[in-house]
């Protein structure tokens, strides 16, 4: 097992996928993930056994009832997908271990901020939830907006959108040359085939879908959708698939409720003002036809295929980077413009680095430091716009090069920041 395979990481994170598995904890997700980090106080690595026990304790205190070991174990997979935790590579299958992921380091940093309170839990979880499962959160928002309180209609609409999403994401991949692109495309096919829309014969496994095959798949999809969710017909496979979609719709609806983007009701749910704003943002940022969707992240595309930003924008219509998330996840309209003094920003930058750095190697992800800076200024009600934040960070590396430096990852991308002088 490789410590870091960019193509596999891209496929795992950016393909149409469902976070976790059926059976994970679906309520109090923000609280559960944040509490898991308590186990890492003073430690960089914890065993799966320890974390499972903690999740069971948190679930019992939050919901007042026990959760099975298998459920807690599946919840760890969700935490890993959210990048709250990071599996330690090359570990034993019997002694699986986890370290703190990038999103987990952001959470830990913001827990030490003076403005932290329980209401902030949803704020720090908003970006990791959308980064890991945004495609499905957006389909759930769209379904609820289109169908209102009728939960059966909402699930049917969600199912239709997700099935359309699978084809749309596959079609927009640019034509690449080389084994890497073939591996990536095949990984997407393998992960998407379960929706019942994409079914490739073995001799077509390495080919791109043709117009005829896509038309055939669309017709098959329309036939499947004539059977409503929960319909106990002879099509046992379709019914099983419907139950799976229902589970994932329920998960998405629960997450959206915790994030304050929908108001739950007995029949279904209604989008809040903030939910409408976020749906509008991603709709406008999704220029290609079909369901609203989030393209692959620019950093992973750069690692896997050395794609520059102009090539990414040409293929997907938008570049998914830190600015992309900062502009959409939080509403800055109520605030004015703020320009921090150089000393103030340097002090805040130093604070953010110390809060998120990996102590054994004394470095931190550039994106993680940036996320903490963005949230810190926002919580102090003097937020920095993304472009403004860019220029201030670059100024730190230019003006204070004796103190901070940027390091390259194995793929040659500036990915982490290190501190040169700890005095």
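In my numbering, the protein residues as written are 5 to 427.
The beta-carbon is built from N, C-alpha and C at its ideal position, and this holds for glycine as well.
**OP:** Pull up the DSSP beta-bridge partners for residue 333, would you.
**Re:** As a working mapping, residue 333 is identified with position 329 in the chain shown. Bridge partners of residue 333: none, in fact.
Original post:
From residue 88 to residue 362, what does the alpha carbon distance come to, in whole angstroms?
Top reply: Against the chain shown, residue 88 aligns to sequence position 84. Against the chain shown, residue 362 aligns to sequence position 358. Near 14 Å, if we compare the C-alpha coordinates of residue 362 and residue 88.
**OP:** Take residue 36 as the anchor and find which of 66, 47, 261 has the nearest alpha-carbon.
**Re:** Indexing the chain shown from 1 puts residue 36 at position 32. The candidate whose alpha carbon is nearest that of residue 36 is 66.
**OP:** Determine the extent of the alpha helix (DSSP H) in which residue 140 is found, giving its start and end residues.
**Re:** On the chain shown, position 136 is the one that residue 140 refers to. First-last of the alpha helix (DSSP H) with residue 140: 125-151.
Subject >> The beta strand (DSSP E) enclosing residue 104, as first and last residue numbers >> reply: Numbered from its first residue, the chain shown carries residue 104 at position 100. That run of the beta strand (DSSP E) goes 101-104.
Subject >> Buried versus exposed call for residue 391 [16 or more other C-beta atoms within 10 Å across all chains shown] >> reply: Here residue 391 refers to the residue found at position 387 when the chain shown is read from its first residue. Exposed, since its Cβ has fewer than 16 Cβ neighbours within 10 Å.
**OP:** Out of 119, 134, 356, 364, state which residue places its alpha-carbon closest to the alpha-carbon of residue 259.
**Re:** Residue mapping note: residue 259 aligns to position 255 of the chain shown, counting from 1. That would be 134, whose Cα lies nearest to the Cα of residue 259.
Original post:
Opposite residue 369 in the DSSP bridges: which residues?
Top reply: In the chain shown, residue 369 corresponds to position 365, counting from 1. Note: residue 369 sits in a beta bridge opposite 420.
**OP:** Counting only the same chain and skipping the five closest in sequence on each side, list residues whose C-beta sits under 8 Å from that of residue 303.
**Re:** Here residue 303 refers to the residue found at position 299 of the chain shown. Excluding residues within five positions, the ones whose Cβ falls inside 8 Å are 325, 371, 417, 419.
**OP:** From the DSSP output, in three-state form, read off residue 60 for me.
**Re:** In the chain shown, residue 60 corresponds to position 56, counting from 1. Residue 60 falls in the helix class under three-state DSSP.
Subject >> Best match in 147, 155, 179 for proximity to residue 4 [C-alpha to C-alpha] >> reply: This structure cannot settle anything about residue 4, because the visible part of the chain is limited to 5 through 427.
**OP:** Alpha carbon to alpha carbon, how far is residue 73 from residue 387? Give it in angstroms, no decimals.
**Re:** Here residue 387 corresponds to residue number 383 of the chain shown, with the count starting at 1. Here residue 73 corresponds to residue number 69 of the chain shown, with the count starting at 1. Between the alpha carbons of residue 387 and residue 73 lies a gap of roughly 42 Å.
**OP:** Identify every run of the alpha helix (DSSP H) within the segment 373-420, keeping only runs that are complete inside it and at least 4 residues long; order them along the chain.
**Re:** Within the segment 373-420, the runs of alpha helix (DSSP H) at least 4 residues long that lie entirely inside it are, in chain order, 390-403.
Original post:
Since residue 187 is in the alpha helix (DSSP H), which residue starts that stretch and which ends it?
Top reply: As a working note, residue 187 is residue 183 in the chain shown. Residues 183-196.
Original post:
Alpha carbon to alpha carbon, how far is residue 129 from residue 318?
Top reply: Here residue 129 corresponds to residue number 125 of the chain shown, with the count starting at 1. Here residue 318 corresponds to residue number 314 of the chain shown, with the count starting at 1. Their backbone Cα atoms lie some 30 Å apart in a straight line.
Original post:
Do you know offhand how far residue 263's Cα is from residue 126's?
Top reply: As a position in the chain shown, residue 263 is number 259, starting the count at 1. As a position in the chain shown, residue 126 is number 122, starting the count at 1. Each residue's alpha carbon lies about 5 Å from the other.
Original post:
For residue 108, is the classification buried or exposed, using 16 other Cβ atoms within 10 angstroms of its Cβ as the cut-off for buried?
Top reply: Here residue 108 corresponds to residue number 104 of the chain shown, with the count starting at 1. So residue 108 counts as buried.
Original post:
Cα-Cα, which of 12, 145, 50, 403 is closest to residue 256?
Top reply: Locating residue 256 in the chain shown gives position 252, counting from the first residue. Taking only the C-alpha atoms, the option nearest residue 256 is 145.
**OP:** Take residue 357 and list the residues in its own chain whose beta-carbon comes closer than 7 Å to its own, dropping the five residues that flank it on each side.
**Re:** As a working note, residue 357 is residue 353 in the chain shown. Taken in chain order, the residues that qualify are 368, 373, 421, 423.
Original post:
What residues in its chain sit with their C-beta under 7 Å from that of residue 207, if we drop five residues either side in the sequence?
Top reply: Translated into positions along the chain shown, residue 207 becomes position 203. A caution first: residue 207 carries a pLDDT of 36, below 50, which makes its placement in the model too unreliable to give a value.
Original post:
From what residue to what residue does the alpha helix (DSSP H) around residue 17 run?
Top reply: Here residue 17 is taken as the residue at index 13 of the chain shown, counted from 1. Residues 10-18.
**OP:** Please determine if the segment 7-17 and the segment 299-316 are in contact, where contact requires at least 3 C-beta pairs separated by less than 8 Å.
**Re:** yes
Subject >> Beta-bridge partners of residue 439, as assigned by DSSP >> reply: Because residue 439 is not part of the residues shown, which for the chain are 5 to 427, the question remains open.
Original post:
Going by Cα to Cα distance, which pick from 185, 85, 101, 153 is closest to residue 47?
Top reply: Here the question's residue 47 lines up with position 43 in the chain shown. Nearest option by C-alpha distance: 101.
Original post:
Quick one: Cα of residue 249 to Cα of residue 267, how far?
Top reply: Looking up residue 249 in the chain shown gives position 245. Looking up residue 267 in the chain shown gives position 263. Near 21 Å, if we compare the C-alpha coordinates of residue 267 and residue 249.
Subject >> Which of helix, strand or coil DSSP assigns to residue 304 >> reply: As a first step, residue 304 must be located in the chain shown, where it is residue number 300. Three-state result, residue 304: helix.
Original post:
Skipping 5 residues on each side, what residues in its chain have a beta carbon closer than 6 Å to that of residue 349?
Top reply: Indexing the chain shown from 1 puts residue 349 at position 345. Within its own chain, the residues whose Cβ lies closer than 6 Å to the Cβ of residue 349, once the five positions on either side in sequence are excluded, are 396, listed in chain order.
Original post:
Going by the CB atoms, is the gap between residue 269 and residue 119 shorter than 8 Å?
Top reply: Here residue 119 is taken as the residue at index 115 of the chain shown, counted from 1. Here residue 269 is taken as the residue at index 265 of the chain shown, counted from 1. No.
**OP:** Taking residue 279 as part of the alpha helix (DSSP H), name the residues at either end of that continuous run.
**Re:** Counting from 1 along the chain shown, the entry for residue 279 is found at position 275. Unbroken alpha helix (DSSP H) run through residue 279: 277-288.
Subject >> Cα-Cα separation between residue 425 and residue 377, rounded to whole angstroms >> reply: Start at 1 with the first residue of the chain shown, and residue 425 comes out as number 421. Start at 1 with the first residue of the chain shown, and residue 377 comes out as number 373. Going by the C-alpha atoms only, they are around 20 Å apart.
Original post:
Which residues in the same chain have their Cβ closer than 7 Å to the Cβ of residue 27, if we skip the five residues on either side of it in sequence?
Top reply: Residue 27 sits at position 23 when you count from the first residue of the chain shown. So the list reads 74, 75, 78, once near-sequence residues are dropped.
Subject >> Cβ separation of residue 155 and residue 41, assumed to be a contact under 8 Å, to the nearest whole Å >> reply: Within the chain shown, the letter at position 151 stands for residue 155. Within the chain shown, the letter at position 37 stands for residue 41. About 34 Å separates the two Cβ atoms, so there is no contact after all.
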